[in-house]
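Participant: Letter by letter, the sequence shown follows residues 0 to 503 of numbering that gives the first Met the number 0.
Virtual Cβ for every residue (Gly too), placed ideally from N, Cα, C.
These numbers come from a predicted model, not from an experiment.
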Amino acid sequence: MIKLKYLAHSSFLITCGNTKLVLDPWLKGPAYYKQWFLWPLPVDEPGALDVDAILISHGHEDHLHSETLKAMKKNAEVFFSFQWRAGIKPFLNHLGFETITEAVNFKTYLINDVKITYISFSLESVIVIEYKNEVVVNVNDALNSNHENAVDFILKEINKRWTKIDYVLSGWSGASYFPNQIRYPGKDDIEIGKLREQYFANNFCRFVEILKPAVAIPFASGFVLLNKENKWINHIKFSRKKVEDYYLNEFGSKVPAKFLIPYPGDTIENSEMEEISALHKIEEDKQHDLAYEHYAAEIKEADKIILIEDENIDELVKQINTWANFNKKLYHPKVIEDVCFSIKLTDAKEETFINVHFENKRLHAQRSIIPIQNSKLLINTSGNKMLFGFKKIWGGDVLTIGYGLVVEVYDQLTLEKNMDIVCIRLVTRYPIARQDLLKFPLRALKFYSFNPKITSLWLKQKIVLKPYVNKYPYNERDHWLTYNKCNLCAVCKMPEINLEAYSK
Numbered sequence: 000m001i002k003l004k005y006l007a008h009s010s011f012l013i014t015c016g017n018t019k020l021v022l023d024p025w026l027k028g029p030a031y032y033k034q035w036f037l038w039p040l041p042v043d044e045p046g047a048l049d050v051d052a053i054l055i056s057h058g059h060e061d062h063l064h065s066e067t068l069k070a071m072k073k074n075a076e077v078f079f080s081f082q083w084r085a086g087i088k089p090f091l092n093h094l095g096f097e098t099i100t101e102a103v104n105f106k107t108y109l110i111n112d113v114k115i116t117y118i119s120f121s122l123e124s125v126i127v128i129e130y131k132n133e134v135v136v137n138v139n140d141a142l143n144s145n146h147e148n149a150v151d152f153i154l155k156e157i158n159k160r161w162t163k164i165d166y167v168l169s170g171w172s173g174a175s176y177f178p179n180q181i182r183y184p185g186k187d188d189i190e191i192g193k194l195r196e197q198y199f200a201n202n203f204c205r206f207v208e209i210l211k212p213a214v215a216i217p218f219a220s221g222f223v224l225l226n227k228e229n230k231w232i233n234h235i236k237f238s239r240k241k242v243e244d245y246y247l248n249e250f251g252s253k254v255p256a257k258f259l260i261p262y263p264g265d266t267i268e269n270s271e272m273e274e275i276s277a278l279h280k281i282e283e284d285k286q287h288d289l290a291y292e293h294y295a296a297e298i299k300e301a302d303k304i305i306l307i308e309d310e311n312i313d314e315l316v317k318q319i320n321t322w323a324n325f326n327k328k329l330y331h332p333k334v335i336e337d338v339c340f341s342i343k344l345t346d347a348k349e350e351t352f353i354n355v356h357f358e359n360k361r362l363h364a365q366r367s368i369i370p371i372q373n374s375k376l377l378i379n380t381s382g383n384k385m386l387f388g389f390k391k392i393w394g395g396d397v398l399t400i401g402y403g404l405v406v407e408v409y410d411q412l413t414l415e416k417n418m419d420i421v422c423i424r425l426v427t428r429y430p431i432a433r434q435d436l437l438k439f440p441l442r443a444l445k446f447y448s449f450n451p452k453i454t455s456l457w458l459k460q461k462i463v464l465k466p467y468v469n470k471y472p473y474n475e476r477d478h479w480l481t482y483n484k485c486n487l488c489a490v491c492k493m494p495e496i497n498l499e500a501y502s503k
């Protein structure tokens with residue numbers, strides 16, 4: 000019989016007879032340049048875990064957490080989905096792991112007598128675990144932020160292969176700068192933030208309705224933001240304890256499922272949960288008071304402004320000039336010709352802007368004491384964070400997933416063209432898919448040969464669609480920043496509810 004022990008955030012310890020597996024371990028230290036902190040706190044030390052395998056769903060820092068992995072025993076086999084990029088295996092080798100399996104899509108692997116199957120789309124994965132006659136589907140946050148056509152395909156494939164599912168583990172809440180960190184005239188940040196949370200909870204319930212598990216477990220949002228500008232985001236999250244009520248009220252009882260809400264240390268076996276954590280008796284919003292008390296020293300540090308040195312601002316301007324012109328190949332030339340925006344450094348000694356505009360076939364970044372004329376938007380962020388991000392291959396996550404920026408958009412045309420995405424992407428560091436495809440052509444060919452349907456969906460999303468127009472509700476700027484509650488619910492196919500009734 001399968002036994003699940005909730006560790007923290009997106010991590011479970013799964014025991015199948017004599018075989019132990021751990022999912023996405025983040026069990027110590029912060030993430031994203033000390034912007035995410037674990038809450039509720041884990042009760043297990045990573046070094047004390049003795050597991051046969053570590054199953055990583057994708058490469059975001061809160062799932063592939065180097066500090067946690069460094070502290071773990073290195074005798075475990077590490078599984079990660081096979082991608083056309085080849086960077087994860089060397090990274091894991093560098094951490095000290097020797098046995099690493101790049102799991103091919105839909106291929107089943109054996110860990111002793113436990114079956115493991117990865118189902119990947121883009122850079123994220125659903126992981127299916129089978130032991131004897133029990134099935135665990137770890138959706139994690141692979142689907143609730145993906146496009147509907149890909150989600151429907153993956154859910155259909157899961158249903159086709161596993162007709163009886165015992166447990167579904169899935170994210171129910173958001174984790175990224177959009178739309179909470181976008182300011183726009185007339186936008187109600189609190190209401191839109193809560194609607195966004197409803198959108199993710201609604202997706203969770205849709206997964207449950209389609210996959211029909213015996214037990215549904217919402218998880219994968221076990222973090223807290225500590226700096227004063229972002230604390231409000233902690234308090235607008237959709238209540239995890241009320242996801243079941245939402246499911247019963249809005250999806251009916253056609254597909255009954257048992258909802259379990261574990262906290263770190265709780266165990267689940269035979270569809271029953273043993274409640275170990277004292278947090279079960281504490282209201283969710285009051286738990287934040289405990290988090291702020293525990294992290295009192297970190298809150299003081301988070302609210303301190305470490306001023307960027309003057310010479311580092313000059314270095315930042317050089318980096319932006321380099322990366323903006325490197326990244327411009329991602330977009331159609333006419334999109335780049337429209338680029339005109341300012342970056343306000345929140346950690347400069349005096350008011351300082353870096354203005355970015357297009358001229359003479361190049362993007363130019365220049366330091367100034369005032370924003371550029373005719374600016375389409377303003378990015379407020381720390382220069383130190385930007386410099387840190389440029390040192391990392393996936394450094395842009397510090398600003399986006401880590402809530403490290405606030406973007407002020409000035410007009411609707413800028414929204415309709417998704418220029419906030421364009422401008423942020425120009426001044427952050429991420430790998431470029433086309434370059435990696437050319438760098439690793441054999442891996443890309445192998446990936447495509449194993450995954451023709453999924454790759455076709457991905458290529459359509461990335462290449463066929465216009466580069467700055469996205470008609471899917473998940474990313475559509477015009478929807479999330481300008482629509483009222485009624486229209487937003489309609490376009491996102493979710494019921495209009497009393498948001499206060501489901502908030503923490």
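I need the DSSP call for T18, collapsed to helix, strand or coil.
Facilitator: Note: T18 maps to strand in three-state DSSP.
Participant: Name the one or two DSSP bridge partners that F79 has.
Facilitator: Paired residues: E101.
Participant: Leaving aside the five residues before and after T98 along the sequence, list all residues of the same chain whose C-beta is less than 6 Å from its C-beta, in chain order.
Facilitator: Excluding sequence neighbours, T98 sits near E76.
Participant: Are L247 and N233 close, meaning C-beta to C-beta below 8 Å?
Facilitator: Not closer than 8 Å, so no.
Participant: Answer yes or no: the CB of K375 versus the heavy atoms of the ligand ADP, is any distance below 7 Å?
Facilitator: Ligands in the displayed structure: none, and consequently the ligand ADP is not present.
Participant: Would you list the residues sitting across from G170 in a DSSP beta bridge?
Facilitator: DSSP, once it has assigned bridges, lists F218 as partnering G170.
Participant: Could you say if the segment 414-426 and the segment 333-352 meet the contact criterion of at least three C-beta pairs nearer than 8 Å?
Facilitator: Segments in contact, yes.
Participant: Which full runs of the beta strand (DSSP E) of 3+ residues lie inside the segment 198-245, going along the chain?
Facilitator: Listed in chain order, they are 214-218.
Participant: Which runs of the alpha helix (DSSP H) spanning at least 4 residues fall entirely within the segment 253-324, listed in chain order?
Facilitator: Runs found: 283-293, 295-302.
Participant: Taking DSSP's pairing of strands, which residues face H356 in a bridge?
Facilitator: Partner(s): C339, H363.
Participant: Would you decide whether P178 is buried or exposed? Buried here means 16 or more other CB atoms lie within 10 Å of its CB.
Facilitator: By the 10 Å Cβ count, P178 comes out buried.
Participant: Just curious, the beta strand (DSSP E) that N139 is in, first and last residue?
Facilitator: Looking at the DSSP string, the run of the beta strand (DSSP E) that includes N139 is 133-139.
Participant: What residue from Y32, L26, W25, G58 has the CA that sits closest to F387's CA?
Facilitator: Measuring from the Cα of F387, the nearest candidate turns out to be Y32.
Participant: Quick one: using the 10 Å Cβ neighbour count with 16 as the cut-off for buried, is K384 buried or exposed?
Facilitator: Answer is buried; the Cβ neighbour count reaches 16.
Participant: Following the continuous beta strand (DSSP E) through I126, name the residue where it begins and the one where it ends.
Facilitator: Start and end: 123-130.
Participant: Between the Cα of G170 and the Cα atoms of C204, K390, I164, which residue gives the shortest distance?
Facilitator: Closest by alpha carbon: C204.
Participant: Between the C-alpha atoms of D112 and I260, what's the straight-line distance to the nearest angstrom?
Facilitator: Rounded to the nearest angstrom, the two C-alpha atoms are 28 Å apart.
Participant: Taking 7 Å as the limit between beta carbons, can you name the residues of its chain near I305, skipping five residues before and five after?
Facilitator: Around I305: D346, N383.
Participant: Could you round the C-beta distance between F352 and P370 to whole angstroms and report it? I think they count as a contact, below 8 Å.
Facilitator: Confirmed, Cβ separation roughly 5 Å.
Participant: To the nearest angstrom, report how far apart G401 and D302 are at their CA atoms.
Facilitator: C-alpha separation (whole angstroms): 15 Å.
Participant: Counting beta carbon pairs with one atom in the segment 269-281 and one in the segment 6-24, are three or more of them shorter than 8 Å?
Facilitator: No, the segment 6-24 does not touch the segment 269-281.
Participant: Assign I13 to one of three DSSP states: helix, strand, or coil.
Facilitator: In the structure shown, I13 sits in a strand (DSSP, three-state: E or B).
Participant: Does the distance from the C-beta atom of A219 to that of A256 stay below 8 Å?
Facilitator: Contact: no.
Participant: Relative to the C-alpha of F237, which residue among F222, R195, E228 is closest?
Facilitator: The residue with the shortest Cα to Cα distance from F237 is R195.
Participant: So if DSSP puts N379 in a beta bridge, which residue, or which two residues, is it bridged to?
Facilitator: K343, V405.
Participant: What's the gap between the Cα of D309 and the Cα of I115?
Facilitator: Cα-Cα distance, rounded: 52 Å.
Participant: Three or more C-beta pairs under 8 Å: does that hold for the segment 175-189 against the segment 155-166?
Facilitator: Flag = no, the segment 175-189 and the segment 155-166 do not touch.
Participant: Within a Cβ cutoff of 7 Å, which residues of the same chain sit near I235, ignoring the five residues on either side of it in sequence?
Facilitator: Only I189, G192, K193, E196, S502 meet the Cβ criterion.
Participant: Is DSSP giving K577 helix, strand or coil here?
Facilitator: Nothing can be reported for residue 577, as the shown portion of the chain is limited to 0 through 503.
Participant: Please identify the residue among D477, C485, P430 whose C-alpha is closest to the C-alpha of A85.
Facilitator: The option with the nearest alpha carbon to A85 is P430.
Participant: With distance defined between alpha-carbon atoms, name the residue in L40, G264, E129 nearest to L289.
Facilitator: Measuring from the Cα of L289, the nearest candidate turns out to be L40.
Participant: At the level of alpha carbons, what is the spacing between D140 and N359?
Facilitator: Approximately 42 Å, taken between the alpha carbons.
Participant: Do V207 and V150 have their C-beta atoms within less than 8 Å of each other?
Facilitator: The answer is no: Cβ separation not under 8 Å.
Participant: Of all the options K27, W38, V42, V21, which has the alpha carbon lying nearest to the alpha carbon of T67?
Facilitator: Checked all of K27, W38, V42, V21; the closest Cα to T67 is K27.
Participant: Assign F36 to one of three DSSP states: helix, strand, or coil.
Facilitator: Strand at F36.
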